[in-house]
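Reviewing the structure listed below.
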Amino acid sequence: MIVEPLELGEEGALPGPLLTELTELYASNQEFQQLSGDFPDPDDIRPEQVAASLAEELAQPGAEVLLARSGGRVIGISVTLAHHPDPDDPDPWIGLLMVHARDHRMGFGRELAEIVEKRFRALGRTGVKLAVLDNNRKALAFWRAIGYQEIDRRKDLRAGRDSIVMRKPL
Numbered sequence: 232m233i234v235e236p237l238e239l240g241e242e243g244a245l246p247g248p249l250l251t252e253l254t255e256l257y258a259s260n261q262e263f264q265q266l267s268g269d270f271p272d273p274d275d276i277r278p279e280q281v282a283a284s285l286a287e288e289l290a291q292p293g294a295e296v297l298l299a300r301s302g303g304r305v306i307g308i309s310v311t312l313a314h315h316p317d318p319d320d321p322d323p324w325i326g327l328l329m330v331h332a333r334d335h336r337m338g339f340g341r342e343l344a345e346i347v348e349k350r351f352r353a354l355g356r357t358g359v360k361l362a363v364l365d366n367n368r369k370a371l372a373f374w375r376a377i378g379y380q381e382i383d384r385r386k387d388l389r390a391g392r393d394s395i396v397m398r399k400p401l
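Positions in the sequence shown are counted from 1; adding 231 to them yields the working numbering.
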């Protein structure tokens, strides 16, 4: 797996072929899209919606979008925040980690999470947090399996959805 930061094209746009791959990635995770409600119609995710979502993510201070590739194609994405909007929270956050549905259960999610953790560890960070929608049982099982522990329950900042905050020491 090769992981690299997302590179925007001219005028901050995503190159067309990459946007097509990213749209396929988001659309392949239909169950998550239905649970999250991030897109108006999870059965019809459009490139312009994905581009707008990623632009919104990248507009956050300290945000980074990492693309994971294998065999020359995009297989996953991770969105991280170097600092939570709460100034009293010292940990970086994983805002999104998604693997293409065709590549589920092949170890790519675990590998991408480990790469994100290593990047934060190299920066001297001592832990990483994330929030999982409390109705997303598969995601909760995944994060628990790789060492994340529940530390809080609260509404997410973006849409006020019930979420479970998890942390892993680095």
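All C-beta atoms in this analysis are idealised placements derived from N, C-alpha and C, irrespective of residue type, glycine included.
- Across the structure, Gln265 and Pro273 are spaced so that their CA atoms are roughly 6 Å apart.
- Scanning Trp324, Ile306, Gly355 for the CA closest to the CA of His314 turns up Trp324.
- Scanning its chain for C-beta atoms nearer than 7 Å, with the 5 sequence neighbours on each side dropped, one finds around Thr357 the residues Pro400, Leu401, in chain order.
- Residue ranges of uninterrupted alpha helix (DSSP H) with 4 or more members, entirely inside the stretch 260-301 and ordered along the chain, are 261-267, 278-289.
- A distance of 8 Å or more separates the beta carbons of Val396 and Ile377.
- Here the alpha carbon of Pro246 sits roughly 7 Å from the alpha carbon of Leu239.
- Here Asp275 is exposed, its C-beta having fewer than 16 other C-beta atoms within 10 Å.
- A Cβ-Cβ separation of about 7 Å places Val296 in contact with Ile308 under the 8 Å criterion.
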